[in-house]
Amino acid sequence: MTLRVPFLLVALVLGFALYGALRPRPLPPLSGQIDHILIDKSDRELVVFRDGRALRRYTVSLGFAPEGDKERQGDGRTPEGQFRIDRRNSASRFHLSLGIDYPQPDDVARAAAGGYSPGGDIFIHGQPRGVSGRMRIARDWTEGCIAVTNATMDELWRVTPVGTTVEIRP
1 MTLRVPFLLV ALVLGFALYG ALRPRPLPPL SGQIDHILID KSDRELVVFR
51 DGRALRRYTV SLGFAPEGDK ERQGDGRTPE GQFRIDRRNS ASRFHLSLGI
101 DYPQPDDVAR AAAGGYSPGG DIFIHGQPRG VSGRMRIARD WTEGCIAVTN
151 ATMDELWRVT PVGTTVEIRP
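Shown next, in the form of structure tokens:
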């Protein structure tokens, strides 16, 4: 019985040491600017690129009804297609936000022909006020935006200029 306690203690200490050695180290912060963002809705992933090279991957949450392309205001869908970052909002009701130039002219024309609003104000943004750091709401919950952790949004904010291209795939 007395041999079991030291053995368990040694096993526990070695286990914690091994866990620390195998745990992935945090990546260094991105520097410079990126030139492209790819959002894959089916994988819930945002990838940032510079000169065609993927630099970092992040997990995202989407609109509350993410299947399909955005059609109208209030449908809960995240748009699909080719866009650009067209504005930066440091006073967002979420933790920072990068605006996407949705709706495009064809979205506006389709909505006008149908007699409804295509929606707008689509952003890549952080979490609602009160959610901090690396925490994130783990379900699709936005009105059609792309949500990341606040820590991710801080990094994106530093490296994403207005004009950055954004591709959103189904």
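Taken in order, the sequence shown gives residues 1 to 170; the numbers are from our numbering.
Every residue gets a Cβ at the ideal spot worked out from N, C-alpha and C, and that includes glycine.
Under the three-state reduction of DSSP, which class applies to residue i: helix, strand or coil?
i    : result
I37  : strand
D69  : coil
R53  : strand
L27  : coil
E143 : coil
P134 : A small correction: the amino acid at residue 134 is Arg; Pro does not occupy that position in the sequence shown. Residue state, collapsed to three classes: coil.
T164 : coil
R169 : strand
If contacts are defined as beta-carbon pairs under 8 Å, then residue i and residue j qualify, I think. What distance do you get, rounded to the angstrom?
i    : j    : result
I124 : Y102 : So it is not a contact: roughly 11 Å between Cβ atoms.
V60  : E45  : 7 Å
I39  : V166 : 7 Å
T164 : I37  : 6 Å
G144 : H95  : Incorrect: roughly 18 Å between the Cβ atoms, too far for contact.
R169 : K41  : 6 Å
Of the residues the options, which one's Cα is nearest the Cα of residue i?
i    : options                  : result
S97  : G130, T78, V148 and V108 : V148
S31  : I168, D51 and R158       : R158
L27  : E155, S117, D107 and A65 : E155
I146 : P161, G120 and A111      : G120
R93  : F64, F49 and T142        : T142
P29  : D43, V47, L55 and D51    : L55
N150 : G130, R25 and G76        : G130
* Count the CB pairs spanning the region 83-94 and the region 60-75 that are closer than 8 Å, and state whether there are at least three. => no
* For the region 72-131, which segments carrying the alpha helix (DSSP H) assignment without a break, of at least 4 residues, lie completely within its bounds, in sequence order? -> 105-114
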